[in-house]
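Shown next, in structure tokens, is the structure this report addresses.
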Amino acid sequence: MASVYKKVRSNRVRTRLRRKQSIRKKVRGTAERPRLSVFRSLKHIYVQAIDDTNAAVVAAASDLDPAVRGELQGLKKRERAAKVGEIIGKRLLDKNVSKVVFDRNGYIYHGRVKEVAEGARKAGLEF
Numbered sequence: 034m035a036s037v038y039k040k041v042r043s044n045r046v047r048t049r050l051r052r053k054q055s056i057r058k059k060v061r062g063t064a065e066r067p068r069l070s071v072f073r074s075l076k077h078i079y080v081q082a083i084d085d086t087n088a089a090v091v092a093a094a095s096d097l098d099p100a101v102r103g104e105l106q107g108l109k110k111r112e113r114a115a116k117v118g119e120i121i122g123k124r125l126l127d128k129n130v131s132k133v134v135f136d137r138n139g140y141i142y143h144g145r146v147k148e149v150a151e152g153a154r155k156a157g158l159e160f
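Here this note's numbering is used: the first residue of the sequence shown is 34, the next is one more, and so on.
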């Protein structure tokens with residue numbers, strides 16, 4: 034991943050990937066405290082809880098999940114992000130995981146990324 038951002042043309046994406054690299058040097062997920070990684074596209078938001086020691090996804094949620102897609106319809110993107118944060122929080126608490134490390138994935142802690150974190154905290158996760 035050292036030179037991934039050099040292949041991307043967009044300066045905005047390149048700077049985000051550079052920030053992502055510096056964050057990932059410091060943030061590691063374990064089985065007891067997985068890394069809560071957020072990815073946001075222009076339309077959707079995706080969240081994964083990742084155990085980096087075993088290279089496994091503990092839980093995942095997005096606004097495209099068939100179980101919650103109907104209830105998220107008609108909401109604004111920030112409201113959907115907050116709901117996705119609550120969903121991932123509930124799924125992790127069902128698996129007896131209450132503490133996570135938040136990985137904003139190079140995005141600024143603002144808007145939808147912040148709403149995911151606040152929704153997960155509302156569900157009972159500790160950061």
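Glycine is no exception: its CB is placed at the ideal position from the N, C-alpha and C atoms.
Opposing strand residues paired with residue i [DSSP bridges]
i	result
Gln81	Ser70, Ala93
Lys109	Its beta-bridge partners do not exist; DSSP assigns none.
Glu159	Lys132
Terminal residues of the alpha helix (DSSP H) in which residue i lies
i	result
Val46	44-59
Spatial neighbours of residue i in its chain, beta-carbon cut-off 7 Å, leaving aside the 5 residues before and after
i	result
Tyr142	none
Met34	For Met34, the predicted model reports a pLDDT of 49, less than 50, meaning its position is unreliable and no value from the coordinates is stated.
Glu159	Ser131, Lys132
Arg145	Arg73, Ile78, Lys110, Arg111, Ala114
Beta strand (DSSP E) segment containing residue i, residue limits
i	result
Val134	134-136
Own chain partners of residue i with C-beta closer than 6 Å, once the 5 adjacent residues on each side are dropped
i	result
Gly152	Ala115, Gly118, Glu119
Ala156	Glu119, Gly122, Lys123
Gln106	none
Among the options, the one whose alpha carbon lies nearest that of residue i
i	options	result
Ile83	Lys132, Arg145, Val146, Gly144	Lys132
Asp136	Val46, Arg42, Tyr79, Asn44	Tyr79
- Taking 8 Å as the threshold, find out whether the stretch 62-71 comes into contact with the stretch 80-88 through three or more Cβ pairs. yes
- Query: Do three or more CB pairs link the stretch 110-126 to the stretch 94-102 at distances below 8 Å?
  - Reply: Enough Cβ pairs lie closer than 8 Å, so yes.
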